[in-house]
Structure formats: structure tokens, C-alpha cells
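*Asks:*
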Amino acid sequence: MATKKRTTRPFEARESKIQGRGVFATRKIEEGTRLIEYRGELVDDDEADRRYPFYDDERHHTFLFRLESGDAIDAGPSRSIAKYINHSCDPNCEAVEEDGHIYIDAIRDIARGEELAYDYNYVLDERHTAANKRLYPCNCGVRKCRGTILAKKR
Ligand SMILES: [Zn+2]
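Under my numbering, the very last position in the sequence shown is 218; numbers go up by exactly one each time.
(1) Spatial neighbours of V206 within its chain, please: C-beta separation below 6 Å, excluding the five flanking residues on both sides.
(2) Kindly give me the distance between the Cβ atoms of D169 and L99, rounded to whole angstroms, as I take these residues to be in contact under 8 Å.
(3) Checking the sheet assignment: what are the DSSP bridge partners for R130?
(4) So, are the CB atoms of D110 and D135 less than 8 Å apart?
(5) Applying the 10 Å Cβ sphere with the 16-neighbour rule, what's the burial state of V187?
(6) Excluding the five sequence neighbours on either side, which residues of its own chain have a C-beta within less than 6 Å of the C-beta of I93, listed in chain order?
(7) Provide the residue(s) that pair with E161 in DSSP beta bridges, ordered along the chain.
(8) By DSSP's criteria, N150 is part of a beta bridge. Which residues make up the other side?
(9) How would you write the range of the alpha helix (DSSP H) that A26 sits in, first residue to last?
(10) Given E132, which residues of its chain have a CB within under 8 Å of its CB, disregarding the five upstream and five downstream residues?
(11) Taking the continuous beta strand (DSSP E) assigned at A89, which residues delimit it?
(12) Just curious, the alpha helix (DSSP H) that R198 is in, first and last residue?
Below is the structure:
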């Protein structure tokens, strides 16, 4: 029996209940699988602010991923679907930084049809006040949802 070689990615972007578009497994994905690189343009802090100006009391949504260096990857202009992977407070993926690149890895087995998500653990320069948390709401819907995509600050 001939076996068809699977070369396509095991996930696709489509509408999500969490927010906008999401990325969903199209077949079973094993724990530990490196799924995709979060590709985009490397921008510094000033350029990131210029691209995504912050307006008071408005929900803030960006395609920025902050690197340890302080610079960020802006996936806005990128055609990669990595930018559509939503946040979850009980995620099945994690974002890993290696040599200035961000990769999304599966941290448990993922069933076909499941939405991929990782914890954004978003960190602001300012305090994570209740008001700030409302500007970065979470709709992941899991039981232990913390209500915001902001990280817990210690
Ligand atoms: Zn949540």
C-alpha cells in the first residue's frame, strides 16, 4: 500500500471563539513538536510604539513578540500564520526564544480540531493594575482563566 508523505503543516488558521482568527490542529500533534517560527520584522522599542500607539481605555492588540534583548518581533506585516495563535491561560503550546528567534512548541499532545494556544505572559513597563488588565483581556474560557493576557508580576 502506498503511503502518502505528509508534508503539509498539521494546523490551519480559521475563525476562533477566543479572538478573531485562531490556529487549529488538522491532525494529532505530539507533545514536544516544534510547530512554527514566530516570524516578523525585528523592531526596537521606539519603532514598536510608533507602529502600535497606545490610546487610553482602548483595548490594546498588537502582533509584537518581545525578545529578551528588549527588541520585538512584529509579525503584523508577516504572512506567517503564527501571529494568529491565540493566548490561553491553560495552553497546549509554549513560545521558546532561541538565538533571537521565537518558536512555538507543543507542550502536550494536541488532538485534531483543538485550537493551538500559548500563554502570552505579556509584561508592561508599568504596573499591572486592574485597569491595565482590562485593556488586555483574556477570553480563553478555561476554568482557571486569570482574565488577562498580562503576566503575573512578582
Ligand atoms: Zn484566560
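We put the CB at the ideal spot given by N, CA and C, even for glycine.
*Replies:* According to the data block:
(1) On the sequence shown, residue 206 is found 142 positions in, with the first residue counted as 1. Only C153 and D154 meet the Cβ criterion.
(2) Numbered from 1 along the sequence shown, position 105 holds the residue referred to as residue 169. Numbered from 1 along the sequence shown, position 35 holds the residue referred to as residue 99. D169 to L99, Cβ: 7 Å. Contact.
(3) What you label residue 130 is simply residue 66 of the sequence shown in a count that begins at 1. Answer is A136, bridged to R130.
(4) Position 46 of the sequence shown holds residue 110. Position 71 of the sequence shown holds residue 135. Cβ atoms of D110 and D135: not closer than 8 Å.
(5) For this step, residue 187 is matched to residue 123 along the sequence shown. V187 should be labelled exposed.
(6) Position 29 of the sequence shown, counting from 1, holds the residue named residue 93. Counting only Cβ-Cβ distances below 6 Å, and skipping sequence neighbours, we find P74, A170 and I174.
(7) Here residue 161 refers to the residue found at position 97 of the sequence shown. In DSSP, E161 forms a bridge with I166.
(8) The residue you call residue 150 lines up with position 86 of the sequence shown. Answer by DSSP bridge pairing, in chain order: A181.
(9) The chain is shown only over 65 to 218; residue 26 falls outside these bounds and no answer can be derived.
(10) Residue mapping note: residue 132 aligns to position 68 of the sequence shown, counting from 1. Excluding positions up to five away in sequence, the list reads E161.
(11) Taking the sequence shown and counting its residues from 1, the one referred to as residue 89 is at position 25. Per DSSP, A89 belongs to the beta strand (DSSP E) from R85 to A89.
(12) Looking up residue 198 in the sequence shown gives position 134. Run containing R198: A194 to L199, per the alpha helix (DSSP H) assignment.
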